[in-house]
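A short write-up of the structure that comes next.
Residue numbers (the numbering used here): 4 to 153.
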């Protein structure tokens with residue numbers, strides 16, 4: 004009799020643990036583009052100008068709108084932008100000033116009319132190489148860096 008009570012109590016405890024496990028909600032943090040990047044910052048873009056395909060959005064970064072873990076010394080080589088489904092977006096770093104902690108970056112996005120679009124900026128991968136690409140970001144591009152007079 005005592006043995007049956009112990010077995011029943013044990014089964015009850017196991018059932019409760021299993022039931023509580025089923026009732027616990029799953030915590031979802033969203034998909035992560037690539038585990039080599041340590042940080043992600045959400046950027047929200049509002050559009051009321053009609054449907055815009057391959058549209059360039061200017062993003063100004065400074066020490067007050069990026070996290071304290073942002074590394075200004077890497078010249079942006081570890082920056083990546085994705086859309087909400089983790090597709091990489093083309094971008095071009097127009098300027099980067101690590102002394103004043105300011106940067107201007109253009110990102111190529113597709114925006115639907117009268118919507119808010121979320122993109123993500125990933126950073127924090129010290130082994131990443133820059134993929135900043137003005138030609139892929141803009142329909143017509145010349146950064147005038149290769150210009151020679153004469």
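Cβ coordinates follow ideal geometry from the N, Cα and C atoms, glycine included.
Tell me which residues share the same chain as residue 51 and place their Cβ nearer than 8 Å to its Cβ, disregarding the 5 neighbours each side in the sequence.
Start at 1 with the first residue of the chain shown, and residue 51 comes out as number 48. Once the five neighbours on either side are set aside, the close Cβ partners of residue 51 are 116, 117.
So what does residue 44 bridge to, in DSSP terms?
As a position in the chain shown, residue 44 is number 41, starting the count at 1. Partner(s): 124.
Can a CB atom of chain C be found closer than 8 Å to the CB of residue 41?
The chain labelled as chain C is not found in the depicted structure, where only one protein chain is given.
Neighbourhood of residue 104 by C-beta, 7 Å cutoff - its chain only, sequence neighbours within 5 removed:
As a first step, residue 104 is located in the chain shown; it is residue number 101 there, counting from the start. Excluding sequence neighbours, residue 104 sits near 65, 66, 75.
Output the boundary residues of the beta strand (DSSP E) element that contains residue 106.
Your numbering for residue 106 matches position 103 in the chain shown. Element bounds for residue 106: 105-114.
Checking 8 Å against the spacing of the C-beta atoms, do residue 123 and residue 59 come in under that value?
As a working mapping, residue 123 is identified with position 120 in the chain shown. As a working mapping, residue 59 is identified with position 56 in the chain shown. Not closer than 8 Å, so no.
Could you tell me which of 37, 63, 129, 102 sits nearest to residue 1, measuring between CA atoms?
Nothing can be reported for residue 1: it is not among the residues displayed for the chain, which extend from 4 to 153.
State the DSSP-derived secondary structure class of residue 76, mapped to helix, strand or coil.
As a first step, residue 76 is located in the chain shown; it is residue number 73 there, counting from the start. Three-state DSSP puts residue 76 in a helix.
Tell me residue 60's beta-bridge partners as DSSP assigns them.
Here residue 60 corresponds to residue number 57 of the chain shown, with the count starting at 1. Answer is 110, bridged to residue 60.
Leaving out five residues before and five after residue 140 in sequence, what residues of the same chain have Cβ atoms less than 8 Å from its Cβ?
Along the chain shown, read from residue 1 onward, the residue named residue 140 stands at position 137. The answer, listed in chain order, is 59, 93, 94, 95, 109, 110, 111.
So, with DSSP's three-state summary, where would you put residue 118?
In the chain shown, residue 118 corresponds to position 115, counting from 1. In the structure shown, the three-state DSSP call for residue 118 is strand.
Checking 8 Å against the spacing of the C-beta atoms, do residue 121 and residue 47 come in under that value?
Counted from its first residue, the chain shown places residue 121 at position 118. Counted from its first residue, the chain shown places residue 47 at position 44. With contacts defined as CB atoms closer than 8 Å, residue 121 and residue 47 qualify as a contacting pair.
Just the Cα atoms here: how many angstroms apart are residue 89 and residue 97?
Your numbering for residue 89 matches position 86 in the chain shown. Your numbering for residue 97 matches position 94 in the chain shown. Distance from the CA atom of residue 89 to the CA atom of residue 97, rounded to whole angstroms, is 23 Å.
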